[in-house]
Amino acid sequence: MVAVKLMQNWHNLKMMLFMRLLKTRIKVMKKLLGSLLLGARQLVATFNRYRDDHGIAITKKLFDEGSDEFHKAANLAVSCINDHKKYCQKVLCNAMEHVGTDEDALTRVIVTRAEKDLKEIKEMYYKRNIVHLEHVAAKETS
Numbered sequence: 339m340v341a342v343k344l345m346q347n348w349h350n351l352k353m354m355l356f357m358r359l360l361k362t363r364i365k366v367m368k369k370l371l372g373s374l375l376l377g378a379r380q381l382v383a384t385f386n387r388y389r390d391d392h393g394i395a396i397t398k399k400l401f402d403e404g405s406d407e408f409h410k411a412a413n414l415a416v417s418c419i420n421d422h423k424k425y426c427q428k429v430l431c432n433a434m435e436h437v438g439t440d441e442d443a444l445t446r447v448i449v450t451r452a453e454k455d456l457k458e459i460k461e462m463y464y465k466r467n468i469v470h471l472e473h474v475a476a477k478e479t480s
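Heads up, the sequence shown is in our numbering, so the first residue is 339 and it goes up one at a time.
Here it is, written out as structure tokens:
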């Protein structure tokens, strides 16, 4: 009987320590995510200010600067930060518009955005292409 009681106490202690550790991790993650969101908002404000000051979006300027790898990467990063839904919609269009579907890009967008905003991305895709994403994806991948 004493051994059972000791085992229960040991189990309760482990659970209590685990819960305390988990709460600490959650607090750290919330703080980190809050900082990331604030940083993204500041970047979008900077991009908007650039457009107001120069009369052209920074993505168009980066695209016009040349086609070297740095400008392409910077353009992609800015596009994704500025409007990630529009960026994902463009990735989906590019993945399925040519002969031979880019299944990696298609899978990456659908899987990473499934729980967040895939519904809105599908609506944007439909507005741009007048065809439902599900129909095109099913046709292209089968």
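The C-beta atom is built at its ideal place from N, Cα and C for all residues, glycine as well.
Just so it is clear, the structure is predicted and the values come from calculations on it, not from any experiment.
Collapsed DSSP secondary structure at residue i in the structure displayed
i    : result
E453 : coil
G377 : helix
T362 : helix
I468 : coil
I419 : helix
H436 : coil
I448 : helix
I459 : helix
A395 : coil
Other residues of its chain near residue i: CB distance less than 6 Å, five sequence neighbours each side excluded
i    : result
Y388 : I396
H422 : none
Residues of its chain near residue i, where Cβ-Cβ distance is below 7 Å and the 5 sequence neighbours each way are ignored
i    : result
C426 : V447, R451 and I459
Pair within 8 Å by beta-carbon distance, residue i and residue j
i    : j    : result
N413 : F385 : no
T445 : E478 : no
L471 : Y464 : yes
C-alpha distance - residue i paired with residue j, whole-angstrom precision
i    : j    : result
M353 : S373 : 30 Å
H436 : D406 : 23 Å
R363 : F408 : 36 Å
Same chain, Cβ closer than 8 Å to residue i, neighbours up to 5 away in sequence not counted
i    : result
R466 : Q427 and C431
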